[in-house]
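Visitor: Numbering (the working numbering), first residue to last: 4 to 190.
We treat Cβ as the ideally placed atom computed from N, Cα and C, and that holds for glycine.
Since this is a predicted model, take the numbers as computed values, not measurements.
Sharing a structure with you now.
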């Protein structure tokens, strides 16, 4: 680690900074090198396959090395971190022991976006929820990286069902009024 500043007190009692510019420049150079190493390590992962474990571990180590610096969360870092998290998730789902998790993730991916959900999607949404709830452990549930999509679809389905129920009630009232006939209506 590089200390950001070296300071002490002069004989006159005033605070003085020794080599502050040199230390700051050395720090910036080391931080930039660590960020470049992390970005390159993430890029080296490429398409995730069953053989990506070593590359993912190297990227995780480079990320850890970068976190020792302040101001390390640049936009490039955040993009690379998201890519690394996606790679970790994809790699984890390649493990045959996680086939059940992969099935849940795939079922959720097949759901429509929340703004496109209608009552006809109820069966698929309910099946995805049941599959998620049936995962054996909390550790497996934690691997479902797209749970937020399922939750959003469930909320949208609830709203769509309420709208559908209201529409059905209105249609029933219209049918009832129509059945009575216009002559039987009173003000």
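From residue 146 to residue 173, what distance separates their C-alpha atoms?
Guide: Spanning the two alpha carbons is a distance of roughly 44 Å.
Visitor: Applying the criterion that 16 or more other CB atoms from any shown protein chain within 10 Å of the CB defines a buried residue, is residue 42 buried or exposed?
Guide: Result: buried.
Visitor: What residue range is occupied by the uninterrupted alpha helix (DSSP H) comprising residue 91?
Guide: Looking at the DSSP string, the run of the alpha helix (DSSP H) that includes residue 91 is 78-97.
Visitor: Where does the unbroken alpha helix (DSSP H) through residue 120 begin, and where does it stop?
Guide: Careful: residue 120 lies outside any alpha helix (DSSP H) and carries neither H nor E.
Visitor: Could you work out which residue in 38, 67 and 122 is closest to residue 170 when comparing CA atoms only?
Guide: That would be 122, whose Cα lies nearest to the Cα of residue 170.
Visitor: Hey, is the stretch 107-125 in contact with the stretch 60-79, meaning 3+ C-beta pairs nearer than 8 Å?
Guide: Because the criterion of three Cβ pairs below 8 Å is not met, the stretch 107-125 and the stretch 60-79 do not touch.
Visitor: Report the three-state DSSP secondary structure of residue 10 (helix, strand or coil).
Guide: Low per-residue confidence applies at residue 10: pLDDT is 46, beneath 50, and the placement is therefore not dependable enough to give any value.
Visitor: From residue 106 to residue 36, what distance separates their C-alpha atoms?
Guide: Cα to Cα, the separation comes out at about 40 Å.
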